[in-house]
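Take a look at the structure below.
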Amino acid sequence: MSHSPNNPFHSELKKEFQLERMILFSDAVFAIAITLLAIEIKVPEVAKQIVNDHVLLERLDELLPKFIGFLVSFFVIAVYWVAHHRMFGFVVNYNNRLLWLNLIFLLAVVLMPFSSGFYSEYIVRRLKLPMIVYVCNIVFLATMSLVIWEYIASPRRGLSEGITPLMKKYFRFRALVPCIAFLLLGTLYVFVDPAVAIWLPLLIPLIMRLLKRFYFKPQLTKA
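Numbering of the sequence shown is given in full-length UniProt numbering, commencing with residue 1 and proceeding in unit increments.
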């Protein structure tokens, strides 16, 4: 049985296939970015003549900033992958603008290994530029996530189904919380105390969980 190009069923299948390709490509980019984060952490090299547990422990201690940078960046990317996964769960159609917005968003994702490595390499020296570059990358990522969500959630574009006003507000909040937290981190790092600022990202999951539990969850229950 042949499928006519004007067959609505054929067109619908083609649209679903193209949308699936875009989502799978996005997932692959996220996976590669997370893998590249780990590549920044090298196994310590110690001369055979001096290798022992004490020396290895010292080398691992030197790698601590890189581990911190890796963990922070891993969870930042994870937060935005989950958000991207959930946002595109509402998408039933696409257009060229959504394709390009998604590509620009992925540009911010693939820059994360560089900005994370730059930040973790020089964070011990408390230099300002690496932190500024890192924060700018995360703000770029958050901004594009928000732009995509606002574009998808707009009813007049006909790209999504099942988005309630509360969902629209919640996903906007999910995109903005890490952005605001890292802007605050950068401000504290540059103008106040770097030692305090370094630990601020650890509060992001707690802030998001508390706001979801005490603000959004009661509203969802009422709805």
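For every residue, glycine included, the Cβ atom is placed at its ideal position computed from N, Cα and C. In this text the structure is predicted, and so the values were computed from the model without any measurement.
Span of the alpha helix (DSSP H), counted from its first residue to its last, around residue i
i    : result
D61  : 53-62
P44  : That residue, P44, is in no alpha helix (DSSP H); it is neither H nor E in DSSP.
E121 : 112-122
Three-state secondary structure assigned by DSSP to residue i
i           : result
S160        : strand
S154        : coil
residue 231 : Missing from the structure shown is residue 231; the chain here goes from 1 to 223 and no further.
I50         : coil
R209        : helix
E20         : helix
L146        : helix
R126        : coil
K15         : helix
A223        : Residue placement at A223 is flagged as unreliable, the pLDDT there being 46, under the threshold of 50; a coordinate-derived value is accordingly withheld.
According to DSSP, residues forming a beta bridge with residue i
i   : result
V91 : S160
Outcome for residue i when other beta-carbon atoms lying within 10 angstroms are tallied against a minimum of 16
i    : result
V135 : buried
N52  : exposed
R174 : buried
S154 : exposed
I152 : buried
A130 : Note on identity: in this sequence residue 130 is Pro, with Ala being the wrong assignment. So P130 ends up on the buried side.
F191 : exposed
W149 : buried
A181 : buried
V110 : exposed
N102 : buried
A28  : exposed
L141 : buried
V79  : buried
G117 : buried
F67  : exposed
Q18  : exposed
Beta-carbon proximity check, residue i vs residue j, cutoff 9 Å
i    : j    : result
Y94  : L176 : no
F70  : E40  : yes
F105 : S73  : no
S120 : I138 : no
A33  : I77  : yes
V91  : L98  : yes
G186 : I132 : yes
F171 : R59  : no
H84  : F30  : yes
L56  : K42  : no
I23  : F88  : yes
V113 : L36  : This sequence places Pro at residue 113; Val is not what is there. A contact, by the Cβ cut-off of 9 Å.
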